[in-house]
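Asker:
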Amino acid sequence: MESYQYLIEYFENSPPIIQVVWVMSCFFIIIIVILIIYFKYLRGHLRKNEKIITKHQKEYESYLISFLYAGNEEEEISKDQQTIIDKLKSCAVDEFKRRIIVSTLLRLRNEISGEMAEAIQKLYFQSGLISYALSRLKSKKWYVVAKGIRELTQFHVKEVHDEIVILVNHPKKEIRKEVQLYLVTLFHFDGLKFLDVLQTQLSEWDQIQLLEVLQHFEDQELPNINSWLKSTNDSVVAFALKLAKIYNQFEVKDVIMELLAHHQKTIRVDAINVLSYLQVVEAKDILKNNFDKISQEEQIEFFKLLENLCESSDEPFLLAHVTHENFEIKLSALKILKKLNIEKFKSLEELSPEPEYNRIFKFLAYNQL
Amino acid sequence: MSEAKKIVLAEDNSTLSLLLKFRLEKEGYNLLIAADGKQAIELIEEQDPELILTDIMMPFISGLEVISHVRNKLNKQTPIIVFSAAGQEEMVLKAFNLGANDFMGKPFSPNELVIRVKRLLR
Chain A
1477 MESYQYLIEY FENSPPIIQV VWVMSCFFII IIVILIIYFK YLRGHLRKNE
1527 KIITKHQKEY ESYLISFLYA GNEEEEISKD QQTIIDKLKS CAVDEFKRRI
1577 IVSTLLRLRN EISGEMAEAI QKLYFQSGLI SYALSRLKSK KWYVVAKGIR
1627 ELTQFHVKEV HDEIVILVNH PKKEIRKEVQ LYLVTLFHFD GLKFLDVLQT
1677 QLSEWDQIQL LEVLQHFEDQ ELPNINSWLK STNDSVVAFA LKLAKIYNQF
1727 EVKDVIMELL AHHQKTIRVD AINVLSYLQV VEAKDILKNN FDKISQEEQI
1777 EFFKLLENLC ESSDEPFLLA HVTHENFEIK LSALKILKKL NIEKFKSLEE
1827 LSPEPEYNRI FKFLAYNQL
Chain B
2 MSEAKKIVLA EDNSTLSLLL KFRLEKEGYN LLIAADGKQA IELIEEQDPE
52 LILTDIMMPF ISGLEVISHV RNKLNKQTPI IVFSAAGQEE MVLKAFNLGA
102 NDFMGKPFSP NELVIRVKRL LR
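Chains A and B, in that order, give the protein sequences. Per my numbering, the first sequence starts with residue 1477, numbered consecutively. Per my numbering, the second sequence starts with residue 2, numbered consecutively.
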């Protein structure tokens, strides 16, 4: 009791700053103790949960394997398989258990192919898990809808195409992304038809993901992309240009040339890039004649095209730009000249007193490009 | 009656391991399952299997390290089949350079695996 009294007196007689420090220290000690208790509880809870998940997972794994080996050739679904389906049906009523069942099926579905993969698909349908995924599509929460679409994609459920395609212009970009992946993963190049009706922007990341999915298919025949190149949605045009380049769509060169007059600068630059890749010589004269009217980014891209498609008739044009104010254009013009006519290139050594010009010239003269 | 040939399977997907265990045991093999590369090496040293099936990406020790251990440390010529996922082509080349005998890209057909196992154990 005396020691308490002593502590109280000590506190009361301390200067205010010491009192504040004591109060703060006590406050933080209490917070730390509460947090330690909370984290201990949380860890215990998570470990317990993990144990329950592992237990259920093992149970469902054995159901799944038994199902896969319980089939016979006489019946579509054997008696043993029906028993397993009934067991899984009753477990799937509980959302927690349903999540474990779905993840167990997917873990195997992603690793195997052939008859067994088809049997897993059959189990997904027969156990009623598909109806839960479908009911998710009607949820008001966007992440529930997105997860539902992803599950249907992973299980290759083509039958719900019409229900999913209507979400293609959904206000939430996460849902739109899942819809696009569903269509392309399951319907391959035909799935790209959503581009005809897409009103929202297709982000660069969305485009990369779609291209990544498309490259895995055996059939690499692209449908006609003319309408996408003419789309009023600029992101669709940008994506169509990527498709034209990756899938060597030389037959759409005329539509791509029309894009040289597109209202968006990035599209015009991309169009020059694709024309250069496809080696469309006709584009050269159009761009050369409009060179002074186009933006600097387009001019730089045009010089990259010239590096690809240069001819000796381009010499006068190149000579007119070897002292261009832009570094990249200057470098490109001199580089092409060196390639076309080495004697002419050598004669340009003293053309300009500008240090940048001289550095570029020396670099090109002494390096093999 | 001859004893069943032992196969060590190193695979971190327990569902796939269980499926392959059923399938290969049905064919008369004795399948020993390791959930990671570390367990696989222990099993190989203890059991001296006739065949090794290993995934490339595994916790603790990768499939490549398992192959290297078998070929360079244990100096064994036990046939090895490697499982690889899409996009692991470079890893597969490394696995062959280290001494793997065959590979199967995921997703694969368990029936096809059985054919390859039988071919290697003939």
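Where a beta carbon is used, it is the ideal one built from N, C-alpha and C, also for glycine.
Roughly how far, in whole angstroms, is the beta-carbon of B/A5 from the beta-carbon of B/N31, given that I think they are within contact range, below 8 Å?
Answerer: Rounded, the Cβ-Cβ distance is 4 Å, consistent with contact.
Asker: Taking only runs of the beta strand (DSSP E) that begin and end inside the region 49-99 of chain B, which ones reach a length of at least 3 residues, in chain order?
Answerer: The region 49-99 of chain B contains these whole beta strand (DSSP E) runs: 52-56 and 81-85.
Asker: Would you say B/T55 and B/A41 are within 8 Å of each other, going by their C-beta atoms?
Answerer: Cβ distance < 8 Å, so B/T55 and B/A41 count as in contact.
Asker: Starting from the C-beta of B/D49, find all residues in its chain whose C-beta is less than 7 Å away, skip the five residues before and the five after it, and write them out in chain order.
Answerer: If we look at B/D49 and ignore the five residues flanking it on each side, it has no Cβ neighbours.
Asker: Runs of 4 residues minimum, wholly inside the region 1676-1751 of chain A: which ones carry the alpha helix (DSSP H) assignment?
Answerer: Qualifying alpha helix (DSSP H) stretches, in chain order: 1680-1690, 1702-1705, 1710-1722 and 1729-1734.
Asker: Taking all protein chains shown into account, decide if B/Q78 is buried (16 or more other Cβ within 10 angstroms of its Cβ) or exposed.
Answerer: Exposed is the call here.
Asker: Determine contact between the region 55-73 of chain B and the region 89-105 of chain B, defined as no fewer than three beta-carbon pairs at a distance below 8 Å.
Answerer: Judged by Cβ distances under 8 Å, the region 55-73 of chain B makes contact with the region 89-105 of chain B, as three or more pairs qualify.
Asker: Can you give me the Cβ contacts of A/I1651 inside the same chain, cut-off strictly under 8 Å, excluding the 5 residues immediately before and after it?
Answerer: So the qualifying residues of the chain are W1618, V1621, A1622, I1625 and L1643.
Asker: Could you check whether the region 1698-1715 of chain A touches the region 1651-1661 of chain A, counting it as contact only if at least three pairs of C-beta atoms, one from each stretch, sit closer than 8 Å?
Answerer: Flag = no, the region 1698-1715 of chain A and the region 1651-1661 of chain A do not touch.
Asker: Where does the unbroken alpha helix (DSSP H) through A/K1527 begin, and where does it stop?
Answerer: Element bounds for A/K1527: P1492 to Y1545.
Asker: Nearest by alpha-carbon distance to A/V1673: which of A/T1661, A/D1666 and A/N1645 is it?
Answerer: Ranking the options by Cα distance to A/V1673, first place goes to A/N1645.
Asker: Do B/K7 and B/E51 have their CB atoms nearer than 8 Å?
Answerer: Yes. Within cutoff.
Asker: May I have the straight-line CA-CA distance separating A/Y1482 from A/I1508, to the nearest angstrom?
Answerer: Using only the alpha carbons, I get a separation of about 26 Å.
Asker: Less than 8 Å separating the beta-carbons of A/N1586 and B/P108?
Answerer: Their beta carbons are under 8 Å apart, which means A/N1586 touches B/P108 by this criterion.
Asker: How far does the alpha helix (DSSP H) with B/V115 in it extend, from its first residue to its last?
Answerer: First-last of the alpha helix (DSSP H) with B/V115: P111 to L121.
Asker: Are the beta-carbon atoms belonging to A/L1751 and A/I1743 less than 8 Å from one another?
Answerer: Their beta carbons are not under 8 Å apart, which means A/L1751 does not touch A/I1743 by this criterion.
Asker: Check the Cβ of A/N1843 against every Cβ in chain B and list those closer than 8 Å, keeping chain order.
Answerer: Under the 8 Å cutoff, chain B gives no residues; its nearest Cβ is about 32 Å from A/N1843.
Asker: Within the same chain, show all residues whose beta-carbon is closer than 7 Å to that of A/F1487, passing over the 5 residues directly before and after it, in chain order.
Answerer: Only Q1495 and W1498 meet the Cβ criterion.
Asker: Compare the C-beta of A/G1590 against all C-beta atoms of chain B and say whether one is closer than 8 Å.
Answerer: It does: the Cβ of A/G1590 has a partner Cβ on chain B nearer than 8 Å.
Asker: Any beta carbon from chain A within less than 8 Å of B/K107's own beta carbon?
Answerer: Yes, contact with chain A.
Asker: Whole-angstrom Cβ separation of B/G38 and B/S63, contact assumed at under 8 Å?
Answerer: Their Cβ separation, rounded to whole angstroms, is 6 Å, which keeps B/G38 and B/S63 in contact under 8 Å.
Asker: A/A1593 versus chain B: which residues are under 7 Å apart at the beta carbon?
Answerer: Ordered by position in chain B, the residues that pass the 7 Å Cβ test against A/A1593 are P108.
Asker: For A/Q1630, I'd like the list of residues in its chain whose CB is within less than 6 Å of its CB, leaving aside the five on either flank, ordered along the chain.
Answerer: For A/Q1630, where only same-chain residues beyond five positions count, the Cβ hits under 6 Å are L1582.
Asker: Please tell me whether A/K1467 and A/H1532 are closer than 8 Å, where the distance is taken between their beta carbons.
Answerer: No answer is possible for residue 1467 of chain A: it lies beyond the span of chain A, which begins at 1477 and ends at 1845.
Asker: For B/S18, does the count of other Cβ atoms within 10 angstroms reach 16, so buried, or fall short, so exposed?
Answerer: Classification for B/S18: buried.
Asker: Could you name the residues of the same chain whose beta carbon sits closer than 7 Å to that of A/L1840, not counting the 5 residues immediately before and after it, in chain order?
Answerer: Hits under 7 Å: L1810, K1811 and K1814.
Asker: Name, please, each residue of chain B whose Cβ falls closer than 7 Å to the Cβ of A/E1587.
Answerer: Under the 7 Å cutoff, chain B gives N14, L17, K107 and P108.
Asker: Distance, Cα to Cα, A/A1593 vs B/L20?
Answerer: Whole-angstrom Cα-Cα distance: 12 Å.
Asker: Pull the bridge partners of B/K7 from the DSSP assignment, please.
Answerer: DSSP output for B/K7 lists B/N31 as bridge partner(s).
Asker: So, helix, strand or coil for A/I1553, using DSSP?
Answerer: A/I1553 falls in the coil class under three-state DSSP.
Asker: State the DSSP-derived secondary structure class of B/F104, mapped to helix, strand or coil.
Answerer: In this structure, B/F104 counts as strand in the three-state DSSP scheme.
Asker: Output the boundary residues of the alpha helix (DSSP H) element that contains A/I1818.
Answerer: Where A/I1818 is concerned, the enclosing alpha helix (DSSP H) stretches over I1818 to K1822.
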